[in-house]
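Residues 1 to 118, numbered by the UniProt record's numbering, are exactly what the sequence shown covers, in order. Heads up, the thing below is written out as structure tokens.
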Amino acid sequence: MVGVKTWNYLPVELLDMVLENTEPETQKLCSLVCREWLEVSRRHIFDAVAVRSDTSFDTFLQFLTTHPHISHHIRKMHLLGPEHNSPMSPNPFPSIHPLMLVDLATSAPNVFCIKLKT
Numbered sequence: 001m002v003g004v005k006t007w008n009y010l011p012v013e014l015l016d017m018v019l020e021n022t023e024p025e026t027q028k029l030c031s032l033v034c035r036e037w038l039e040v041s042r043r044h045i046f047d048a049v050a051v052r053s054d055t056s057f058d059t060f061l062q063f064l065t066t067h068p069h070i071s072h073h074i075r076k077m078h079l080l081g082p083e084h085n086s087p088m089s090p091n092p093f094p095s096i097h098p099l100m101l102v103d104l105a106t107s108a109p110n111v112f113c114i115k116l117k118t
């Protein structure tokens, strides 16, 4: 349309406040709008991640090292034990080597909270 000016700028601070109060699915959809929204959305999408031990902490670590543009958004990490009915381990707690914790913390440098959960 000739002569119609489109408005396509929203201050990052305002977008950040809006995304802070939206559901994860909405945050994912907002990440598809444009590059500016992608970066702001990632802060919320990857703020807290949960990894189950029977899906391999090694795979998650590999993901972090190959995607540093995502790993720096992670602030909280929840390391979960295997599914309750999983034959992988009778122990409900996550089994993780201490050096793996160091590697995870190094790969996601902004993490301030790591929780081990059943």
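In this text, a Cβ means the ideal position worked out from N, Cα and C, and glycines have one as well.
Around the C-beta of Pro98, fewer than 16 other C-beta atoms lie within 10 Å, and the residue is accordingly described as exposed.
Membership of His69 in the alpha helix (DSSP H) is indicated by the continuous run Pro68 to Ser71. Contact between the stretch 19-33 and the stretch 41-53 is established, with three or more Cβ pairs separated by less than 8 Å.
Within the stretch 18-52, the beta strand (DSSP E) runs of at least 3 residues that lie entirely inside it are, in chain order, 48-52. If you draw a straight line from the Cα of Pro109 to the Cα of Met100, it is about 14 Å long. DSSP places Leu99 in the uninterrupted alpha helix (DSSP H) bounded by Pro98 to Ser107.
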